[in-house]
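Count along the sequence shown starting at 1, add 255, and that's the number in this note's numbering.
Below is one structure, written out as structure tokens; the observations come after it.
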Amino acid sequence: MEIKNYSSSTSDFILLGLSSNPQLQKPLFAIFLIIYLVTLVGNVLIILAIHSDSRLHTLMYFFLSNLSCMDICFTTDIVPKMLVSFLSETKSISYVGCLIQMYFFMAFGNTDSYLLASMAIDRLVAICNPFHYDVVMNPQRCLLMLLGSCTISHVHSMLHVLLISRLSFCASHVIKHFFCDTQPVLKLSCSDTSSNQIVLMTESLAVIATPFLCVLFSYLRIIITVLRIPSAAGKWKTFSTCGSHLTVVVLFYGSIIYVYFRPLSMYSVVKDRVATLMYTVVTPMLNPFIYSLKNKDMKMGMRKLRFRIHS
Numbered sequence: 256m257e258i259k260n261y262s263s264s265t266s267d268f269i270l271l272g273l274s275s276n277p278q279l280q281k282p283l284f285a286i287f288l289i290i291y292l293v294t295l296v297g298n299v300l301i302i303l304a305i306h307s308d309s310r311l312h313t314l315m316y317f318f319l320s321n322l323s324c325m326d327i328c329f330t331t332d333i334v335p336k337m338l339v340s341f342l343s344e345t346k347s348i349s350y351v352g353c354l355i356q357m358y359f360f361m362a363f364g365n366t367d368s369y370l371l372a373s374m375a376i377d378r379l380v381a382i383c384n385p386f387h388y389d390v391v392m393n394p395q396r397c398l399l400m401l402l403g404s405c406t407i408s409h410v411h412s413m414l415h416v417l418l419i420s421r422l423s424f425c426a427s428h429v430i431k432h433f434f435c436d437t438q439p440v441l442k443l444s445c446s447d448t449s450s451n452q453i454v455l456m457t458e459s460l461a462v463i464a465t466p467f468l469c470v471l472f473s474y475l476r477i478i479i480t481v482l483r484i485p486s487a488a489g490k491w492k493t494f495s496t497c498g499s500h501l502t503v504v505v506l507f508y509g510s511i512i513y514v515y516f517r518p519l520s521m522y523s524v525v526k527d528r529v530a531t532l533m534y535t536v537v538t539p540m541l542n543p544f545i546y547s548l549k550n551k552d553m554k555m556g557m558r559k560l561r562f563r564i565h566s
């Protein structure tokens, strides 16, 4: 399908999606519908398993259940509109709809980031300071961490959306992406976007880098503590409790750093779409598998949930 065949009002944007080839639209629809359903079912099962098994009523699993909830919201903000676009001729999204999608994308994505940092802190205290774990990681403090994560993320999103809402889009309205992301939308503006770029590279650096550095510091401390354990079996047993979380961190932050921490001039449509798919669609789908396959407690929780469903 050629771009010239698209039609939209002047207040609409056109989302090119993953491919403009009409023969690929239905196969892509089927693939991403399956991915979306697997994401929903997997994360809902994680939440149900945690809430139904009293052994999983710990702070680490409190953060994990909230991470699964955020993953559901995160993908729901993007994938349903993508699915509609696969079957639509116009592939349009309204200007307001684009800003709303951008707002919730950043809000849920950043909350995911802060939850991963909170889980890293939880592992740090559990491994490096286990005797004071109940004091340091008390429920009230963890609830404040969750509320703080949501608040910072939504304020960050509001700032970016307000700045973008001030821009003019007088040339092309075709977004070369599958959703309204910051960089491809800024590419379309005929206004001066230098202030947006400065905010994007400074304020975003603070908001995104803070949890990442928190994760990095936590794992450096954990590695130092693990190396002091005399037996190899003890080292493996201790560090294995971080395996699932570390896998998710690498997938999530690796793709985000690649996409966002580069100048706008280095933006690449194809490469950035692939990297963005990793943390918007693939990682939320993989999280339930990573945590249920690598975590013994989650395996047991899933078995109990399956038994309750079948009984």
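Glycine is no exception: its CB is placed at the ideal position from the N, C-alpha and C atoms.
These numbers come from a predicted model, not from an experiment.
Supposed contact pair residue j and residue i - C-beta distance, whole angstroms, cut 8 Å
i, j, result
"F363", "M325", "5 Å"
"R378", "S473", "7 Å"
"N365", "S420", "About 19 Å; that fails the 8 Å criterion."
"I348", "C435", "7 Å"
"V351", "Y291", "No, V351 and Y291 are not in contact; Cβ-Cβ is about 24 Å, not under 8 Å."
"D552", "L311", "6 Å"
"D367", "F329", "6 Å"
"C497", "I477", "6 Å"
"L560", "L303", "6 Å"
"S323", "N542", "7 Å"
"A221", "P466", "Residue 221 falls outside the range modelled here, since the chain spans only 256 to 566, and no answer is possible."
"S510", "M533", "4 Å"
"H411", "M361", "6 Å"
"M555", "V293", "That belief does not hold up - the Cβ atoms of M555 and V293 are roughly 22 Å apart, past 8 Å."
"N321", "L401", "6 Å"
"D267", "H428", "7 Å"
Among the options, the one whose alpha carbon lies nearest that of residue i
i, options, result
"V537", "F507, K551, I564 and T437", "F507"
"V416", "V440, S275, H565 and I478", "V440"
"Y546", "F360, F284, V391 and L300", "L300"
"L342", "S275, S423 and I382", "S275"
"V529", "V391, T313, K431 and C383", "K431"
"M337", "L270, P543, V454 and L475", "L270"
"L443", "I453, N451 and C425", "C425"
"Y358", "L418, A461 and C397", "L418"
"F544", "T331, V380 and L295", "L295"
"L370", "P282, V504 and F562", "V504"
"C353", "M392, I479, T437 and S373", "T437"
"M374", "I305, L314 and W491", "L314"
"S422", "C445, G272 and C405", "The sequence as given places Leu at residue 422; Ser does not occur at that position. For L422, the nearest C-alpha among the options comes from C445."
"K490", "T457, D527, L471 and C383", "C383"
"L283", "N451, F494 and V339", "V339"
"Y513", "A464, V470 and T480", "A464"
"G272", "I376, A488 and F433", "F433"
"R563", "L414, P394 and H306", "H306"
"C405", "T502, T448 and V462", "V462"
For residue i, three-class secondary structure by DSSP
i, result
"F363", "helix"
"S427", "coil"
"F562", "helix"
"V420", "At residue 420 the sequence reads Ser, which differs from the Val that was named. In this structure, S420 counts as helix in the three-state DSSP scheme."
"S343", "coil"
"K259", "Low confidence applies to K259: its pLDDT is 39, below 50, so where it sits in the model is not reliable, and the reading given next is rough at best. In the structure shown, K259 sits in a helix (DSSP, three-state: H, G or I)."
"S349", "strand"
"D552", "helix"
"F544", "helix"
"C405", "helix"
"H432", "coil"
"N451", "helix"
"S444", "coil"
"M392", "coil"
Heavy atom of the ligand HEM within 6 Å of residue i beta-carbon
i, result
"K559", "The ligand content of the structure shown is nil, which means the ligand HEM is not present either."
Bridge-paired residues (DSSP) for residue i
i, result
"I376", "BP columns for I376 are empty, so no partner."
"I583", "Residue coverage of the chain in this structure runs from 256 to 566, which leaves residue 583 outside it and unanswerable."
CB contact below 7 Å: residue i versus chain C
i, result
"R558", "Looking for chain C here will not work: only one protein chain is present."
Inside the segment 474-521 only - alpha helix (DSSP H) runs reaching at least 4 residues
487-494 and 498-515
Entirely within the segment 261-339 and at least 3 residues each: give me those beta strand (DSSP E) ranges in chain order.
267-270
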